[in-house]
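Before any comments, here is the structure.
Numbering (my numbering), first residue to last: 98 to 203.
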């Protein structure tokens, strides 16, 4: 759901499966990590659009922000550069704290 919300204003290529992107993310990715992933994927796609324009100026319409199309490769490329904000131990500690406050998961 977070990926869908973060990418709602993006033009996603038909090869993008948000489920596939989510499955590639480490289990300790936070909402902030997912935000960074999406922003970096968009930026990677924008750089690709600019590079395309620079090599072929006749495609000037493709270089506008509205025409940036994020592909699955953009997500995969930047995913390797983003480290989770929390370690698995920290995530486990937060889960234990949540359970103390709320009680066991339903």
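Note that CB positions come from ideal geometry on N, CA and C, so glycine has one too. Treat the numbers as computed from the prediction; the structure is a model and nothing was measured.
Open item on the list: Going by DSSP, what residue range makes up the alpha helix (DSSP H) through residue 197?
Closed with: For residue 197, the uninterrupted alpha helix (DSSP H) run begins and ends at 185-199, by DSSP.
- [ ] Can you grab the Cα-Cα spacing for the pair residue 41 / residue 164, in whole Å?
- [x] Here the chain covers residues 98 to 203 and nothing more, so residue 41 does not appear.
TODO: Measure the alpha-carbon distance for residue 171 versus residue 117 and round it to whole angstroms.
DONE: The straight-line gap separating the alpha-carbon atoms of residue 171 and residue 117 is approximately 13 Å.
Task: DSSP state of residue 179 mapped onto helix, strand, coil - done: Secondary structure at residue 179: coil, using DSSP grouped into helix, strand and coil.
Open item on the list: So for residue 113, helix, strand or coil by DSSP?
Closed with: Assignment of residue 113 by DSSP, reduced to helix, strand and coil, places it in the coil class.
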